[in-house]
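Read the structure below first, then the notes.
Residue numbers (the working numbering): 9 to 96.
Here is the structure:
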């Protein structure tokens with residue numbers, strides 16, 4: 009199991025197209041502290057590249073979401089952009 013799979017699985021189960029999670033909520037789900045770099049917008053940058061080496065991006069992308077850091081709030085807004093597992 010990859011480090012961010014619990015986040016991916018949680019997002020896949022969501023019925024809403026948008027949700028916000030705090031860093032603490034995400035850390036509880038994955039069982040690890042997020043790295044300090046998670047406070048930077050580029051850590052949350054979205055990609056459609058299936059070969060990405062950024063495991064966190066792969067997690068929410070595989071769940072069908074894009075992620076957007078809410079500056080200064082230690083929170084992230086996830087917005088559904090496609091069906092889970094879809095490459096479109």
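Glycine included, C-beta positions come from ideal geometry on N, C-alpha and C.
With contacts defined as CB atoms closer than 7 Å, residue 19 and residue 38 fail to qualify as a contacting pair. Within a 10 Å sphere around the beta-carbon of residue 81 sit fewer than 16 other beta-carbons, which makes this residue exposed. Following the DSSP letters along the chain, one finds residue 84 inside the beta strand (DSSP E) bounded by residues 83 to 88. When secondary structure is reduced to three states using DSSP, residue 25 falls in the coil class, being assigned neither helix nor strand. Nearest neighbour of residue 49 by Cα position, chosen from 43, 78 and 91, turns out to be 78.
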